[in-house]
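Sequence lines, in order, name chains F and L. For what it's worth, the numbering used here labels the leading residue of the first sequence as 669, then goes sequentially. For what it's worth, the numbering used here labels the leading residue of the second sequence as 669, then goes sequentially.
Number of protein chains: 2
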Amino acid sequence: MIKVVKIGGNVIDNEAALERFVADFAAIEGAKVLVHGGGKLATRLAEKLEIPTTMIDGRRVTDRDTLDVVTMVYAGLVNKRVVAMLQAAGCNAIGLSGADGGVVRATRRAAKPIDFGFVGDISVEGVDAEFILSLTERGVVPVFCSIMHDGAGTLLNCNADSVASAVAVALAQKTDTELVFCFEKRGVMADIDDPDSVIAEIRPQSYKELLADGVVNKGMIPKIDGAFRALESGVKVVTIKHSEELNCPSGTKIML
Amino acid sequence: MIKVVKIGGNVIDNEAALERFVADFAAIEGAKVLVHGGGKLATRLAEKLEIPTTMIDGRRVTDRDTLDVVTMVYAGLVNKRVVAMLQAAGCNAIGLSGADGGVVRATRRAAKPIDFGFVGDISVEGVDAEFILSLTERGVVPVFCSIMHDGAGTLLNCNADSVASAVAVALAQKTDTELVFCFEKRGVMADIDDPDSVIAEIRPQSYKELLADGVVNKGMIPKIDGAFRALESGVKVVTIKHSEELNCPSGTKIML
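Pasting the structure below:
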């Protein structure tokens, strides 16, 4: 069994939350992989450097200067900080962009209908699961940022959720794999205003009912749909939980 | 036989020189390791961010902000760019800081007599040669930046020449190792003004004579002394040559 855990920018941006998470992640026994988002540092650095941020449909356009900024922040500062913290916690982490060891190859998104610049999409075929397993078999823990490459020398900014899913699905072809999405809520809520209303388990049938009843918050639908796609591609279980509850029996388990 | 090649900022800063070097490095057969310096990008970024640069005795002081900048530039932008370029050239590179895989642990330099901030020194004992060889045995090519860690969660800015030497010496305990320093001259010159006056070979006895005759340029003495220390610790041969002549039978070979 291998566990792929994804954390978002909310953890990266909060020193205390990150320290707590690192201790929890280091305590997970067995093979594991971490995928981290970027956080607000890149936006702040771009602002300081007076690089204009272009957003289309709520998504940042990654022009050449922005690519340099996200590469510096995600693959450099954030990735190495997290790796150094994990090392200090006794977890033998190794930071990886997609280019490192050629481990994840992405495809630059087509410039039409919207040109998002140096943005990549990942397919399972682009992930070298064997290389990841060659590390975990030695007790080394891969820590992915969301900067990938196209194999032809160009770095590409990717979505960290998609990186986590693709890595988990690729690993699932070789070994039992669990995927955990950490975020700032305790799971999928029956009542968005009640933190204790976490739905413990969602399966295809109950998901249909939740959708029909309008219980599931709109923002959660892409996450849950993505979880089902990962499950259909071989991942055993996808858990959505709070980053502070990594090792607690909490959150929402999504299963087939 | 494994080859450890070090390039400096002059190659990093020059896109054409870097492309040429990458093609040459990719063409080296057999096990190899690259160590790269930083170049002027970090200084330029620090200037743009209005982080004051403090120099003592010609050496940059690495305060917290400067550490963040060099981590972003060396471990992020430069390292991932070089790795992506090598991947495109068919070389299965993996970028590493010292924290990654715990591969190189450094010791923070004492704050007295001069406090250089987050600067580290490396000893051979801090290098995990077995991990490096576990990569090269799979055909993976480690590409080191000069950001290391102390094992307790702190990143440290180190000298890239020292990284290259320590890595080569550690590898030399396990396998035959060659160390190549690339720089902007064709080797050690008998006449600094004559690029064709490269001294092909220096051995301890001839080095004494060169020193006695005042032939060796002052700036070269630390490089050659360092080369002899590496040789005395088991490295087979140290070559000092131009980065454009990586695969030419040129440069100065230093041997015992």
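By construction, the Cβ of each residue, glycine as well, lies at the ideal position given by its N, Cα and C atoms.
Contact annotation for Ile762 of chain F against chain L: Asp768 and Gly769 [CB-CB distance below 7 Å, chain order]. Annotation: the continuous alpha helix (DSSP H) that includes Ala797 of chain F extends over Ala797 to Thr804. In this structure, F:Ala832 is the residue among F:Pro863, F:Ala832, F:Glu912 and F:Thr843 with its C-alpha nearest to the C-alpha of Ala898 of chain F.
Within the segment 866-894 of chain L, no residue has a Cβ lying closer than 8 Å to any Cβ of chain F. By the neighbour-count criterion, in which 16 or more other beta carbons inside 10 Å mark a residue as buried, Ala868 of chain L falls on the exposed side.
DSSP, read as helix, strand or coil, puts Arg728 of chain F in strand. Within the segment 794-820 of chain L, the residues whose Cβ lies closer than 7 Å to any Cβ of chain F are, in chain order, Ser802, Arg806, Val808, Ile815, His817, Gly819 and Ala820.
Residues of chain F with a Cβ closer than 7 Å to the Cβ of Asp736 of chain L are, in chain order, Leu745.
Taking a cut-off of 8 Å for Cβ pairs, the segment 788-804 of chain F and the segment 821-835 of chain F touch, as three or more such pairs fall below it.
Between the segment 900-910 of chain F and the segment 854-862 of chain F there are three or more C-beta pairs closer than 8 Å, enough to call the two in contact.
Shown here, Arg776 of chain L sits in a strand according to DSSP, grouped into three states. Secondary-structure assignment with DSSP links Pro781 of chain F through no beta bridge to anything. In summary, the residues of the segment 700-731 of chain F whose CB is separated from some CB of chain L by less than 7 Å are Lys716 and Leu717, in the order they occur in the chain. Cβ-Cβ separation between Phe851 of chain L and Gly676 of chain L: approximately 6 Å, consistent with a contact (criterion under 8 Å). In the DSSP secondary-structure assignment, Phe851 of chain F is bridged to F:His910.
Asn825 of chain L sits in a strand when the DSSP states are folded into three classes. Close to Thr739 of chain L, with beta-carbon spacing below 9 Å, are these residues of chain F in chain order: Met740, Gly744, Leu745, Lys748 and Arg749. Leu823 of chain F reaches chain L at Lys748, Arg749 and Ala752, counting residues in chain order whose Cβ is nearer than 8 Å.
When the beta-carbon positions are compared, Ile870 of chain L and Lys921 of chain L come within less than 9 Å of each other.
For Ala756 of chain F, the nearest CB of chain L lies under 9 Å from its own CB, placing it at the interface with that chain. Residue pairing for Phe812 of chain L: DSSP places it in a beta bridge opposite L:Val703 and L:Leu764.
Close partners of Ser833 of chain F in chain L (Cβ separation under 9 Å) are lacking, with about 22 Å as the shortest Cβ gap.
The beta carbon of Asp844 of chain L lies closer than 8 Å to those of Met669, Ile670 and Lys904 in the same chain, with the five residues before and after it left out. Listed in chain order, the non-local C-beta contacts of Ala838 of chain L below 6 Å within the same chain comprise Val792, Val795 and Ala797, local neighbours out to five positions each way being set aside.
Judged by DSSP in its simplified three-state form, Thr734 of chain L adopts helix. Boundaries of the alpha helix (DSSP H) harbouring Val750 of chain F: Asn747 to Ala756, taken from the DSSP string. Ser830 of chain L does not reach chain F, its nearest Cβ partner there being about 19 Å away, counting only Cβ pairs nearer than 9 Å. Exposed is the label assigned to Asn915 of chain F, since fewer than 16 other Cβ atoms lie within 10 Å of its Cβ.
The beta-carbon of Ser791 of chain F is placed no less than 9 Å from the nearest beta-carbon of chain L.
Between Leu713 of chain L and Val741 of chain L, the beta carbon gap of about 6 Å places them in contact (Cβ cut-off 8 Å). With a cut-off of 8 Å on Cβ pairs, the segment 751-765 of chain L is in contact with the segment 763-772 of chain F, counting three or more such pairs. Boundaries for Val884 of chain F: no beta strand (DSSP E) harbours it, and the DSSP string shows neither H nor E there. Close partners of Ser918 of chain F in chain L (Cβ separation under 7 Å) are lacking, with about 28 Å as the shortest Cβ gap. Using a CB distance cut-off of 9 Å, Ser765 of chain F counts as an interface residue toward chain L.
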